[in-house]
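Counted from 1, the sequence shown has number -9 at position 11 by this note's numbering; the numbering is strictly sequential.
Even glycine gets a Cβ: it sits at the ideal position worked out from N, Cα and C.
Since the model is a prediction, treat every value here as computed from it, not as a measurement.
Taking it in order: structure first as structure tokens, then the write-up.
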Amino acid sequence: MMQFLAKAGLAAMLAAGTLAGTVAPAAAQFSIIIGDQDRDPPRDYRRPPPPPGFGRRPRGCDPRLAEDLARDWGFRRPRVVDITPRRVIVQGWTRRGPDEMSFANVRGCPALRR
-19 MMQFLAKAGL AAMLAAGTLA GTVAPAAAQF SIIIGDQDRD PPRDYRRPPP
31 PPGFGRRPRG CDPRLAEDLA RDWGFRRPRV VDITPRRVIV QGWTRRGPDE
81 MSFANVRGCP ALRR
């Protein structure tokens, strides 16, 4: 009779351990939802931030200013042909024919060479 009670107690402990192992993960997945779960989040009615550099003047030589300065130096139909980090190169026509002029790529477009 003692062996029967020992075996029954061991079987009861195994069954309780198996049930406890399956109940814990199920309890971890339990959640309470109040209201409609398919609703979108509230809209943000604030204005989006301005893009970087907004409101600041561009650094360097403006190509239109370089063309205007070349026109002041006597060039006809000036056009910007190349912009590098250091120079802005403008080509156009003078009394002698086609010519080229370089400006520094800083604010104000100072002339480098003609």
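Residues bridged to residue i [DSSP beta-bridge criterion]
i	result
Val68	Ile63, Phe83
Ala(-12)	Its beta-bridge partners do not exist; DSSP assigns none.
Arg93	Ser82
Trp73	Arg56, Pro78
Integer-rounded CB distance, given that residue j should sit under 8 Å from residue i
i	j	result
Arg87	Gly40	7 Å
Asp20	Phe55	With 8 Å as the limit, Asp20 and Phe55 do not qualify as a contact, their Cβ atoms being about 60 Å apart.
Residue i and residue j closer than 7 Å at C-beta
i	j	result
Arg59	Asn85	no
Arg75	Ser82	no
Three-state secondary structure assigned by DSSP to residue i
i	result
Gly15	coil
Arg39	coil
Met(-18)	helix
Arg23	coil
Gly(-3)	helix
>> Between the region 66 to 77 and the region 40 to 51, can you find at least three pairs of beta-carbon atoms closer than 8 Å?
In response: yes
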